[in-house]
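Colleague: These protein sequences, in sequence, are chains S and G. Residue 420 in the numbering used here sits at position 420 of the first sequence, and the numbers go up by one each step. Residue 514 in the numbering used here sits at position 88 of the second sequence, and the numbers go up by one each step. Ideal Cβ placement from N, Cα and C applies to all residues, glycine included.
2 protein chains.
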Amino acid sequence: MALSFTILARSRSTNARLGRVETAHGGFDTPAFMPVGTQGTIKGLALPLVKATGSQIILGNTYHLMLRPGGSLVEKLGGLHAFAGWPGPMLTDSGGFQAYSMSDINAVNDDGVTFRSIIDGSSVHLTPERSIEVQNQLGADIIMAFDDCPPSVDPTAQSRAAQRLMVTQQKSVARSKKPYDHARRLDEANERTIRWLERCKAAHRRAHDQSLFGIVQGGTDLDRRTRSAGQVTGIDLPGYAIGGVAVGEGFEEIVKVVEHTAPLLPEAKPRYLMGVGYERDSRAGGRAGGDVFDCGLPRGNGRNAFAFTPTGVVRLRNAKYAEDPSPIDPTCDCLACRPEAHGWVFPGVSGGREGPGCYSKGYLRHLFMAKEMLGPILVSLHNVRHFQRLMVDIRAAIRDDDWFPLARRWPVAVPGETASAGDAEA
Amino acid sequence: MALSFTILARSRSTNARLGRVETAHGGFDTPAFMPVGTQGTIKGLALPLVKATGSQIILGNTYHLMLRPGGSLVEKLGGLHAFAGWPGPMLTDSGGFQAYSMSDINAVNDDGVTFRSIIDGSSVHLTPERSIEVQNQLGADIIMAFDDCPPSVDPTAQSRAAQRLMVTQQKSVARSKKPYDHARRLDEANERTIRWLERCKAAHRRAHDQSLFGIVQGGTDLDRRTRSAGQVTGIDLPGYAIGGVAVGEGFEEIVKVVEHTAPLLPEAKPRYLMGVGYERDSRAGGRAGGDVFDCGLPRGNGRNAFAFTPTGVVRLRNAKYAEDPSPIDPTCDCLACRPEAHGWVFPGVSGGREGPGCYSKGYLRHLFMAKEMLGPILVSLHNVRHFQRLMVDIRAAIRDDDWFPLARRWPVAVPGETASAGDAEA
Numbered sequence: 001m002a003l004s005f006t007i008l009a010r011s012r013s014t015n016a017r018l019g020r021v022e023t024a025h026g027g028f029d030t031p032a033f034m035p036v037g038t039q040g041t042i043k044g045l046a047l048p049l050v051k052a053t054g055s056q057i058i059l060g061n062t063y064h065l066m067l068r069p070g071g072s073l074v075e076k077l078g079g080l081h082a083f084a085g086w087p088g089p090m091l092t093d094s095g096g097f098q099a100y101s102m103s104d105i106n107a108v109n110d111d112g113v114t115f116r117s118i119i120d121g122s123s124v125h126l127t128p129e130r131s132i133e134v135q136n137q138l139g140a141d142i143i144m145a146f147d148d149c150p151p152s153v154d155p156t157a158q159s160r161a162a163q164r165l166m167v168t169q170q171k172s173v174a175r176s177k178k179p180y181d182h183a184r185r186l187d188e189a190n191e192r193t194i195r196w197l198e199r200c201k202a203a204h205r206r207a208h209d210q211s212l213f214g215i216v217q218g219g220t221d222l223d224r225r226t227r228s229a230g231q232v233t234g235i236d237l238p239g240y241a242i243g244g245v246a247v248g249e250g251f252e253e254i255v256k257v258v259e260h261t262a263p264l265l266p267e268a269k270p271r272y273l274m275g276v277g278y279e280r281d282s283r284a285g286g287r288a289g290g291d292v293f294d295c296g297l298p299r300g301n302g303r304n305a306f307a308f309t310p311t312g313v314v315r316l317r318n319a320k321y322a323e324d325p326s327p328i329d330p331t332c333d334c335l336a337c338r339p340e341a342h343g344w345v346f347p348g349v350s351g352g353r354e355g356p357g358c359y360s361k362g363y364l365r366h367l368f369m370a371k372e373m374l375g376p377i378l379v380s381l382h383n384v385r386h387f388q389r390l391m392v393d394i395r396a397a398i399r400d401d402d403w404f405p406l407a408r409r410w411p412v413a414v415p416g417e418t419a420s421a422g423d424a425e426a
Numbered sequence: 427m428a429l430s431f432t433i434l435a436r437s438r439s440t441n442a443r444l445g446r447v448e449t450a451h452g453g454f455d456t457p458a459f460m461p462v463g464t465q466g467t468i469k470g471l472a473l474p475l476v477k478a479t480g481s482q483i484i485l486g487n488t489y490h491l492m493l494r495p496g497g498s499l500v501e502k503l504g505g506l507h508a509f510a511g512w513p514g515p516m517l518t519d520s521g522g523f524q525a526y527s528m529s530d531i532n533a534v535n536d537d538g539v540t541f542r543s544i545i546d547g548s549s550v551h552l553t554p555e556r557s558i559e560v561q562n563q564l565g566a567d568i569i570m571a572f573d574d575c576p577p578s579v580d581p582t583a584q585s586r587a588a589q590r591l592m593v594t595q596q597k598s599v600a601r602s603k604k605p606y607d608h609a610r611r612l613d614e615a616n617e618r619t620i621r622w623l624e625r626c627k628a629a630h631r632r633a634h635d636q637s638l639f640g641i642v643q644g645g646t647d648l649d650r651r652t653r654s655a656g657q658v659t660g661i662d663l664p665g666y667a668i669g670g671v672a673v674g675e676g677f678e679e680i681v682k683v684v685e686h687t688a689p690l691l692p693e694a695k696p697r698y699l700m701g702v703g704y705e706r707d708s709r710a711g712g713r714a715g716g717d718v719f720d721c722g723l724p725r726g727n728g729r730n731a732f733a734f735t736p737t738g739v740v741r742l743r744n745a746k747y748a749e750d751p752s753p754i755d756p757t758c759d760c761l762a763c764r765p766e767a768h769g770w771v772f773p774g775v776s777g778g779r780e781g782p783g784c785y786s787k788g789y790l791r792h793l794f795m796a797k798e799m800l801g802p803i804l805v806s807l808h809n810v811r812h813f814q815r816l817m818v819d820i821r822a823a824i825r826d827d828d829w830f831p832l833a834r835r836w837p838v839a840v841p842g843e844t845a846s847a848g849d850a851e852a
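1) Bridge partners for V313 (chain S) per DSSP, in chain order?
2) How would you write the range of the alpha helix (DSSP H) that N744 (chain G) sits in, first residue to last?
3) Given 8 Å as the limit, is there contact between the stretch 505–517 of chain G and the stretch 391–403 of chain S, that is, 3 or more CB pairs closer than that?
4) Taking the alpha carbon of A428 (chain G) as the reference point, which residue from G:F523, G:H686, G:A667, G:I569 has its own alpha carbon closest?
5) In the structure shown, what three-state DSSP assignment does F509 (chain G) receive?
6) Which runs of the alpha helix (DSSP H) fall wholly inside the stretch 487–565 of chain G and span at least 4 residues, in chain order?
7) Would you list the one or two residues that DSSP bridges to I7 (chain S)?
8) In chain S, which residues lie with their C-beta within 7 Å of the C-beta of T518 (chain G)?
9) Is the shortest distance between the beta-carbon of E749 (chain G) and the beta-carbons of chain S less than 8 Å?
10) The alpha helix (DSSP H) spanning L699 (chain G) covers which residue range?
11) Please classify E249 (chain S): is it buried, with 16 or more other beta-carbons within 10 angstroms of its beta-carbon, or exposed?
12) Helix or strand or just coil, what does DSSP make of S176 (chain S)?
13) My assumption, with CB atoms under 8 Å, is that Y278 (chain S) sits in contact with L297 (chain S). Please give the rounded CB distance.
14) Look at the alpha carbon of R205 (chain S) and the alpha carbon of A262 (chain S), and state the distance between them as a whole number of angstroms.
15) Is any beta-carbon of chain G found at less than 8 Å from that of R68 (chain S)?
16) In the DSSP assignment, find the alpha helix (DSSP H) that holds V292 (chain S) and state where it starts and stops.
17) V913 (chain G) touches chain S at which residues, Cβ-Cβ below 7 Å?
18) Since G219 (chain S) and G244 (chain S) are thought to touch, with beta carbons under 8 Å apart, how far apart are those beta carbons, to the nearest angstrom?
19) Would A52 (chain S) pass as a contact of E133 (chain S) if the rule is Cβ separation under 8 Å?
20) Please report the Cβ distance between H451 (chain G) and P495 (chain G), rounded to the nearest whole angstrom; I am assuming they are in contact, meaning their Cβ atoms lie under 8 Å.
21) Suppose only complete runs of 4+ residues qualify. What are the alpha helix (DSSP H) ranges in the stretch 810–835 of chain G, listed by chain order?
22) Where G842 (chain G) and K746 (chain G) are concerned, what is the direct C-alpha to C-alpha distance, given to the nearest angstrom?
23) Starting from the C-beta of A533 (chain G), find all residues in its chain whose C-beta is less than 7 Å away, skip the five residues before and the five after it, and write them out in chain order.
24) Are A9 (chain S) and I398 (chain S) closer than 8 Å when you measure CB to CB?
25) Taking the alpha-carbon of I377 (chain S) as reference, which of S:F5, S:I7, S:G44, S:L67 has the nearest alpha-carbon?
26) At least one CB of chain S closer than 8 Å to the CB of T467 (chain G): is that the case?
27) Got a sec? Which residues, its chain only, sit under 7 Å from D827 (chain G) by beta carbon, not counting five neighbours each side?
28) If we ignore side chains and look at the alpha-carbon of each, how far apart do G738 (chain G) and S548 (chain G) end up?
29) With a cut-off of 8 Å on the beta carbons, I'd call E259 (chain S) and I235 (chain S) a contact; round off their distance for me.
30) Could you tell me the distance, in whole angstroms, from the CA atom of R130 (chain S) to the CA atom of R317 (chain S)?
31) Quick check on S481 (chain G): buried or exposed, where buried means 16 or more other Cβ atoms within 10 Å of its Cβ?
32) Express the C-alpha separation of K797 (chain G) and G227 (chain S) in angstroms, rounding to a whole number.
33) Around the C-beta of A694 (chain G), are 16 or more other C-beta atoms found within 10 angstroms, so that it is buried, or is it exposed?
34) Could you say which of G:V579, G:L499, G:S498, G:F732 lies nearest to R610 (chain G) if we only look at CA atoms?
35) Kindly indicate the opening and closing residues of the alpha helix (DSSP H) around V257 (chain S).
36) Whole angstroms are fine: how far does the CA of H386 (chain S) sit from the CA of N109 (chain S)?
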């Protein structure tokens, strides 16, 4: 087996479980949070700094790497672990989600997807076989089935603002001349997803060291989720994922789908909640029995000077922080908030508080105002560490079967505690 | 005394000396190379990574910090050491050089310089008193006198191409309606420099913990260098600098000026060769008796995918490196070339060479082609380490009074060994 999963503890009050996944490149604790390394790098973060956030597994995007530098080049240079220099576990997605959400799609049919490359505009044909071929070249420890990811809710029934937040297929739906039938689209996606999964498994050439996970679809329709889960778990695989969540629908919808679907997946295999999410999504996903999460928010928000804290987002460009000597989050132990925890002697603020110093909000604001890339770097590091600290506390909540300390320490992760997801200043 | 300088060894075959400078924030070995931290950060490099290059002292630019975020804000947040989080020695320049070279100058007179801010276009008046006031607010261990830096050679006598390479006052010379008289400009600059130095010393409020260095000018005219050195060293200061070199004139001119001027500075005090420079400039500067160098090349070239090696520059965007599994420089021990030297487990290239892996030229090229900021970060780290390794070997050459190993290991630093300064691929 290329992968083993051990459940170490179960929460009796919820469906959550504490576990450990072992792969050919080492193990990781679950529930686990994977930072996203789109183009073979977590943007701006030298890998020793990623390691220092407590990240144990990282995610690479097949879509981007397939287009540039190409799977065969990465394979020639030893695979993605050796190419990017990450010694630990790694997961790649199938490329399908980005093909749907980022590209001008020319055709989707039962064979696969044809789209225009975001890099040079050339026509690219992506099929289950091609996705698996590229993922075999990249060599990640966990690889994902190429699925058909429909909009989670009917986009034509949404407001324009809500449509803009939806990240799958809004372009192709808007352009299509045929009237959009959401129920038919969900059924089509379910059928394709299972047929494509069979083709992925048949095409997979490295089952001895790469673990293929199948993906359950079905939108926010629970019956269709049940049907998809039955079909997908009917194919024996080392793990399963819930796809098509957190793609524009609200928190309540996410929770409803995850709480319904997670128990339909095999108890003894890891469950990956794709693209989940904000803090309260991760907490809810963990309570529902999810084991692995990923999210591009730490980096995306870090680039925009949005820093996560347990009580909400701090917008570091705000002028009120210009002379603020305090760290982003006094409870955080990241390189920015507590450099001395990383062996870095940081001179204290003279005339200010005693003891070692930190990257202050004032300094970080300066970096963003001066367009210095160290700003996005430090805030991304902080944001990744923020989610890893949340995972540490979620794992402790499961181990102790006590969710109150988590709720006390992470008000942002508790529904109703803040007005909007993760944003105390909105 | 805010600064002590101990000469530990002398090279009998040259004027070079090996030494150690101690400041309120610790010491550094000389000859020393200072990476440039323009806006309160070495671009893109978290400080533990700067430390890992072997850098012991860094330089901050008063011009940029004065304009944004402002000296008083930095002072409120504990000074530049605490603001940027650098525990070791730090030097700030006066801001004059950037005011001349980067700004639209409205007026230069005996009082100071008036220029337009590169940030918001507002009019800024910079005088010796104001420069020292800001440097006192920033609080670096070594601060520089506000000097008048003339073009090193007559710009009107240069080709257009050569003028473009000159970094001081080319704009104002080109715009002036008065005919340019180089000899008169050099004399004017010498006179202003000594009067402004007197004003700097009088304005300096933190001599107890900040050491003011005077700057010798005179262009490439050796008589004027002698006169300036006599005037400047007539004012008792903890150290002296040679300014106005490496601003567009050739290697031979740099060497001529430095070899002439360095012996005119007090033997027992550190000598700073400002803006020097390429590898052969640093080697020549060390042999002439220079103790401290700075240069923005590692970062500027790193951003452009130009990586330094002992045999010349590697241009990492070149397509020939696309599948190259080797490091930038197999002799280098930086984080990019030898990650395992920094405790980073880097998976080896499977099917390739034995042993631990590295950031390959192929991966680095990918980062630059994909516009990933980790490319500039890793190459800047490499380039800074390249110069620090050169300094280690220069210090060994002085200690052993044997310059042959240095010449053997650093062909790029030996005049005549390469066609053009530091570029094996030009």
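Modeller: Looking at the coordinates:
1) Answer by DSSP bridge pairing, in chain order: S:F308.
2) No alpha helix (DSSP H) holds N744 (chain G); DSSP gives it neither H nor E.
3) By the Cβ test, the stretch 505–517 of chain G is not in contact with the stretch 391–403 of chain S, since fewer than three Cβ pairs between them sit closer than 8 Å.
4) Of the residues G:F523, G:H686, G:A667, G:I569, the one whose Cα lies closest to the Cα of A428 (chain G) is G:I569.
5) In the displayed model, F509 (chain G) falls within a helix according to three-state DSSP.
6) 488–493, 497–502, 505–510, 522–528, 554–564
7) S:G19
8) Within chain S, no C-beta atom comes nearer than 7 Å to that of T518 (chain G); the closest sits roughly 16 Å away.
9) It does: the Cβ of E749 (chain G) has a partner Cβ on chain S nearer than 8 Å.
10) L699 (chain G) -> not in any alpha helix (DSSP H); beta strand (DSSP E) instead, spanning 697–699.
11) buried
12) coil
13) 7 Å
14) 28 Å
15) Answer yes: the Cβ-Cβ gap between R68 (chain S) and chain G drops below 8 Å somewhere.
16) Bounds of any alpha helix (DSSP H) do not take in V292 (chain S); it lies within the beta strand (DSSP E) bounded by 292–295.
17) Any question about residue 913 (chain G) goes unanswered here, given that chain G covers just 427 to 852.
18) The beta-carbon distance between G219 (chain S) and G244 (chain S), rounded to whole angstroms, is 6 Å. This is short enough to meet the 8 Å contact definition.
19) No, they are not a contact pair.
20) Actually they do not touch by this definition, with Cβ atoms about 21 Å apart.
21) 830–835
22) 27 Å
23) T540
24) yes
25) S:G44
26) Against chain S, the CB of T467 (chain G) has a partner CB under 8 Å away; the residue lies at that interface.
27) S437, R438, S439
28) Cα-Cα distance, rounded: 42 Å.
29) Not confirmed; about 24 Å, so no contact.
30) So the two alpha carbons sit approximately 43 Å from each other.
31) buried
32) A quick correction: the sequence has Arg, not Gly, at residue 227 (chain S). Between R227 (chain S) and K797 (chain G), the C-alpha separation is close to 43 Å.
33) exposed
34) If we check each option's Cα against that of R610 (chain G), G:V579 comes out closest.
35) Segment 251–261, the alpha helix (DSSP H) holding V257 (chain S).
36) Taking the straight line from one Cα to the other gives about 41 Å.
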